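For the sequence shown, counting from 1, position 314 maps to 317 in the working numbering; every step adds exactly one.
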Amino acid sequence: MSDKDYRHAVVLGASIAGLTAARVLLDSFDRVTVFDRDTLPGGPANRRGVPQGEHAHGLLARGRAVLEELFPGIVADLAAQGAVPLDIQRDVVWVFGDRPAPRTESGLAGLCVSRATLEAALRRRVAALPGVTVLDGHEASGLTFDGTQVTGATVRPVAGGVEHEVHGDLVIDATGRGNRGIAWLAELGFAPPEQERIDAGTVYVSQDYRRVPGREDFAAILNAPGGPQRPYGGIAIGVDGDRWMVTLLGVGPGQAPPTDPDDYTAFAAKLPDPRLHRLLLEAEPLGDPMRLRLPGSVRRRYERLTRLPERFVSLGDALCSFNPAYGQGMTVAVAQARELGRALRHGADGLPRRFYARAAKVIDVPWDMSAGGDLAYPHVEGPRTRRTELINGYVAKVQAATGHDAAVARRFLEVTNLMRPPQSLMTPPMLARVLRRRPVPAPAADLPREVAVG
Ligand SMILES: Cc1cc2nc3c(=O)[nH]c(=O)nc-3n(C[C@H](O)[C@H](O)[C@H](O)COP(=O)(O)OP(=O)(O)OC[C@H]3O[C@@H](n4cnc5c(N)ncnc54)[C@H](O)[C@@H]3O)c2cc1C
């Protein structure tokens, strides 16, 4: 006889949200079956269902901490495969305004890892858990329902074969931003949730370059787009030991980076910090630049619905997908999975309402940051209030101050890494630092070049 409360949970989608959900579900269920329509690779490799894997992917400090909590030892495993554990302020060149932030020890622990390597490590760990089965090549096509609660899902083998029903005491939709959860619920007679949408019209063009570990004194460089005055940016993240994943991005009409290799390098010369351009001139390109028009952000307000079916929950991008330029999606997905585990401590009855209330608290701050930040661009459609304008005006001042004040830079990084609330940028000492007149330019506070990052 099992000491678990429930028998079988079904998870649709075997990516970041689905895999971390499977891990927490195992605390309450005897068995968890995870379905994905892709053929899942045996090791780190990009795949059709996760096209974003080809573009630079940053993991926030909060995401690293939650992953380590759910999968103890995963950071060390990933480091053994070439991922770079780092101090987010000391080891990364951040450019939010027109000057790089001073690089000092912050205690903010980050990890430079490719999306493919991270996902492969999660897959390996989850598949090894007793009670978990991961079935790839199976597409979810709908839900089964007994009039009160969802009782399972219908799945269809992608290679051909009959659609069949899989019984589950709980079904999790983790099929990402293109999910069909709302249509599935409509088939069962449920009204759709309100949806908030913001689309900044961002275009990513990405290319890999060969990296010689230890040659540069930074593990990553991030030139954030600088608002309407500088609606473009560029990122390089050192991953998998010997690779730079580089993404150049433009926000709004006419700002897309070019895909021609020479023009691509030239675009990087426009960035306020010269190091990314230098890196592109010196490093060997691997493959050709790839272009992606980023989808907009969508937040589904399931927590506001008065009528919800029992035993069904949407999680990760299926619940809320962000503008990827803020690097929040994976972190919010794993934080939601943790909340799912906490909500399950009170049992599966009434779970959707408990979970969505908890998930909304996880989503609120990153959503305000990304949707509110996008509204700083005049071409972006969305509800602007006096508060949005005031906050965006203050954030612009904070970003300018990060270029000369290490304490402001640290606090801003703590907030954007979801380790502190945004209000912590508005304490009287912080306000004084942010609003202080800018000092005469000081010598660059970077580490000496010989301090290499592996
Ligand atoms: C260009 C780009 C850059 C990004 N950069 C960052 C970043 O720097 N940092 C960050 O944290 N986040 C980033 N994100 C966001 C991040 O990728 C997502 O938030 C994250 O992948 C969400 O995980 P998920 O598991 O919810 O969904 P997904 O990763 O989208 O996974 C959905 C899964 O469901 C499967 N699936 C879909 N439909 C079905 C079906 N019907 N049946 C069965 N399986 C199905 C798919 O094959 C896939 O495995 C970026 C996104 C993009 C687009």
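Every residue, glycine too, gets a C-beta built ideally from N, C-alpha and C.
Just so you know, these numbers come straight off a predicted model, no measurement behind them.
- Can you tell me whether DSSP reads Gln152 as helix, strand or coil? The residue given as residue 152 occupies position 149 in the sequence shown. Here DSSP, grouped into helix, strand and coil, assigns Gln152 to strand.
- Query: Between Leu318 and the rest of its own chain, which residues show a CB-CB distance below 6 angstroms, the 5 nearest in sequence each way excluded?
  - Reply: Here the question's residue 318 lines up with position 315 in the sequence shown. Correct list, in chain order: Ala20, Ala24, Ile175, Ala177, Gln339.
- In angstroms, rounded to a whole number, what distance separates the CA positions of Asp30 and Arg213? Position 27 of the sequence shown holds residue 30. Position 210 of the sequence shown holds residue 213. So the alpha carbons of these two residues sit roughly 42 angstroms apart.
- Task: May I ask whether a heavy atom of ligand 1 can be found less than 7 angstroms away from the beta carbon of Leu15?
- Result: Taking the first residue of the sequence shown as 1, we reach residue 15 at position 12. Yes - ligand 1 has a heavy atom lying nearer than 7 angstroms to the Cβ of Leu15.
- Once you ignore the five residues that flank Ala162 on each side, which residues in its own chain have a CB closer than 7 angstroms to its CB? Here residue 162 refers to the residue found at position 159 when the sequence shown is read from its first residue. Gly140, listed in sequence order.
- Item | beta-carbon Thr136 near ligand 1 non-hydrogen atom, thresh 7 angstroms | Here residue 136 corresponds to residue number 133 of the sequence shown, with the count starting at 1. Residue side-chain check: Thr136 keeps its Cβ at 7 angstroms or more from all non-hydrogen atoms of ligand 1.
- Query: Is the number of C-beta pairs between the stretch 380-390 and the stretch 402-418 that are closer than 8 angstroms three or more?
  - Reply: With the cut-off at 8 angstroms, the stretch 380-390 and the stretch 402-418 do not touch.
- Given a threshold of 16 other Cβ atoms within 10 Å of its Cβ, counted over all protein chains shown, does Ala445 qualify as buried or as exposed? Here residue 445 refers to the residue found at position 442 of the sequence shown. Because Ala445 sits at a pLDDT of 48, beneath the cut-off of 50, its placement in the model cannot be relied upon, and the point is left open.
- Query: Within the present structure, is the beta-carbon of Ile175 separated from the nearest heavy atom of ligand 1 by less than 7 angstroms?
  - Reply: For the purposes of this step, residue 175 is taken as the residue at position 172 of the sequence shown. Ile175: no, Cβ never under 7 angstroms from ligand 1.
- Message: So, under 8 angstroms CB-CB, Thr250 and His58 are touching, yes? Tell me the CB distance rounded to an integer number of Å.
- Response: Position 247 of the sequence shown, counting from 1, holds the residue named residue 250. Position 55 of the sequence shown, counting from 1, holds the residue named residue 58. Separation of the CB atoms of Thr250 and His58 is rounded to 5 angstroms, and the pair is thereby assigned contact status at 8 angstroms.
- Task: Go through its chain and collect everything with a Cβ distance to Ala124's Cβ below 7 angstroms, but skip five positions before and after it.
- Result: Taking the first residue of the sequence shown as position 1, residue 124 is located at position 121. Excluding positions up to five away in sequence, the list reads Ile77, Asp80, Leu81.
- Gly155 CB to nearest chain B CB: under 8 angstroms? The chain inventory of the structure shown lacks chain B, comprising one protein chain alone.
- Query: Should Val116 and Ala223 be called a contact, given that it needs their Cβ atoms to be closer than 8 angstroms?
  - Reply: Walking along the sequence shown from the start, residue 116 turns up at place 113. Walking along the sequence shown from the start, residue 223 turns up at place 220. Ala223 is positioned such that its CB atom lies no closer than 8 angstroms to that of Val116.
- Relative to ligand 1, is the shortest distance from any of its heavy atoms to the C-beta of Gly332 smaller than 7 angstroms? For the purposes of this step, residue 332 is identified with residue 329 of the sequence shown, where counting begins at 1. Within 7 angstroms of the C-beta of Gly332 there is at least one heavy atom belonging to ligand 1.
- Message: Can you look up Arg452 in the DSSP assignment and give me helix, strand or coil?
- Response: Position 449 of the sequence shown, counted from the start, is the residue given in the question as residue 452. Any reading at Arg452 must be qualified, since the residue scores a pLDDT of 36, below 50, and its modelled position is unreliable; the value itself is stated next. DSSP, read as helix, strand or coil, puts Arg452 in coil.
- In the DSSP assignment, find the beta strand (DSSP E) that holds Phe315 and state where it starts and stops. As a first step, residue 315 is located in the sequence shown; it is residue number 312 there, counting from the start. 315-317 is the extent of the beta strand (DSSP E) around Phe315.
- Query: On the premise that Asp291 lies in contact with Pro264, defined as a C-beta separation below 8 angstroms, what is that separation, rounded to the nearest angstrom?
  - Reply: Start at 1 with the first residue of the sequence shown, and residue 264 comes out as number 261. Start at 1 with the first residue of the sequence shown, and residue 291 comes out as number 288. Rounded, the Cβ-Cβ distance is 7 angstroms, consistent with contact.
- Task: Could you say if the stretch 146-157 and the stretch 67-75 meet the contact criterion of at least three C-beta pairs nearer than 8 angstroms?
- Result: No, the stretch 146-157 is not in contact with the stretch 67-75.
- Task: Sort Pro275, Asn420, Gly330 by Cα distance to Ser300 and report the nearest one.
- Result: To locate residue 300, count along the sequence shown from 1; it is residue 297. Taking Ser300 as reference, the option from Pro275, Asn420, Gly330 with the minimal CA-CA separation is Gly330.
- Message: So, does the stretch 37-44 touch the stretch 8-15, judging by three or more C-beta pairs under 8 angstroms?
- Response: The stretch 37-44 and the stretch 8-15 touch, with no fewer than 3 CB-CB distances between them shorter than 8 angstroms.
- Message: Does the distance between the C-beta of Leu62 and the nearest non-hydrogen atom of ligand 1 fall short of 7 angstroms?
- Response: Position 59 of the sequence shown, counting from 1, holds the residue named residue 62. Checking every heavy atom of ligand 1 against the Cβ of Leu62, one is found closer than 7 angstroms.
- Kindly indicate which three-state DSSP category Gly457 falls into: helix, strand or coil? For the purposes of this step, residue 457 is identified with residue 454 of the sequence shown, where counting begins at 1. Any reading at Gly457 needs caution, since the residue's pLDDT is 47, under 50, leaving its predicted position unreliable; the model's value is listed next. For Gly457, the three-state secondary structure derived from DSSP is coil.
- Query: So, is Leu63 buried or exposed, given that buried needs 16 or more other C-beta atoms within 10 angstroms?
  - Reply: As a first step, residue 63 must be located in the sequence shown, where it is residue number 60. So Leu63 counts as buried.
- Look up Met248 in the DSSP assignment and give the residues it is bridged to. To locate residue 248, count along the sequence shown from 1; it is residue 245. DSSP output for Met248 lists Asp211, Ile240 as bridge partner(s).
- Could you give the distance in angstroms between the alpha-carbon of Thr268 and the alpha-carbon of Leu297? Counted from its first residue, the sequence shown places residue 268 at position 265. Counted from its first residue, the sequence shown places residue 297 at position 294. Approximately 21 angstroms, taken between the alpha carbons.
- Item | Spatial neighbours of Glu168 in its chain, beta-carbon cut-off 7 angstroms, leaving aside the 5 residues before and after | The count along the sequence shown starts at 1 and reaches residue 168 at position 165. Annotation for Glu168: Thr147, Gly155, Thr157 place their beta carbon closer than 7 angstroms to its own, counting only its chain and skipping 5 residues before and after.
- Could you tell me whether the Cβ atoms of Thr405 and Gly171 are closer together than 8 angstroms? Reading the sequence shown from its first residue, position 402 is the one you call residue 405. Reading the sequence shown from its first residue, position 168 is the one you call residue 171. No, these two residues do not count as a Cβ contact at 8 angstroms.
- Task: Please name the residue in Leu138, Val208, Val98 whose C-alpha comes closest to that of Met293.
- Result: Within the sequence shown, residue 293 is the residue found at index 290, counting from 1. For the options Leu138, Val208, Val98, the alpha carbon positioned closest to that of Met293 is the one of Val208.
- Query: From which residue to which residue does the beta strand (DSSP E) around Thr391 run?
  - Reply: Sequence index remark: in the sequence shown, residue 391 carries index 388 (1-based). Premise fails: Thr391 lies in the alpha helix (DSSP H), 389-404, not in any beta strand (DSSP E).
- Item | Beta-bridge partners of His170, as assigned by DSSP | Sequence index remark: in the sequence shown, residue 170 carries index 167 (1-based). Answer is Gly155, bridged to His170.
- Query: Pro432 by DSSP, collapsed to three states: which one?
  - Reply: Within the sequence shown, the letter at position 429 stands for residue 432. Residue state, collapsed to three classes: helix.
- Under the three-state DSSP convention, the category Arg296 falls into: By 1-based counting over the sequence shown, the position of residue 296 is 293. Look at Arg296 here: in three-state DSSP terms it is strand.
- Considering Leu343, what are the terminal residues of the alpha helix (DSSP H) in which it resides? Working through the sequence shown from its first residue, we reach residue 343 at position 340. Membership of Leu343 in the alpha helix (DSSP H) is indicated by the continuous run 332-347.
- Message: Taking 8 angstroms as the threshold (C-beta atoms), are Val418 and Leu434 in contact?
- Response: One-based indexing of the sequence shown puts residue 434 at position 431. One-based indexing of the sequence shown puts residue 418 at position 415. At least 8 angstroms separates the beta-carbon of Leu434 from that of Val418.
- Task: May I ask whether a heavy atom of ligand 1 can be found less than 7 angstroms away from the beta carbon of Gly299?
- Result: Counting from 1 along the sequence shown, the entry for residue 299 is found at position 296. No, the beta carbon of Gly299 sits no closer than 7 angstroms to any heavy atom of ligand 1.
- Item | Neighbour-count burial assignment, Asp266, 16 or more Cβ in a 10 Å radius | In the sequence shown, residue 266 corresponds to position 263, counting from 1. Per the 10 Å Cβ criterion, exposed.
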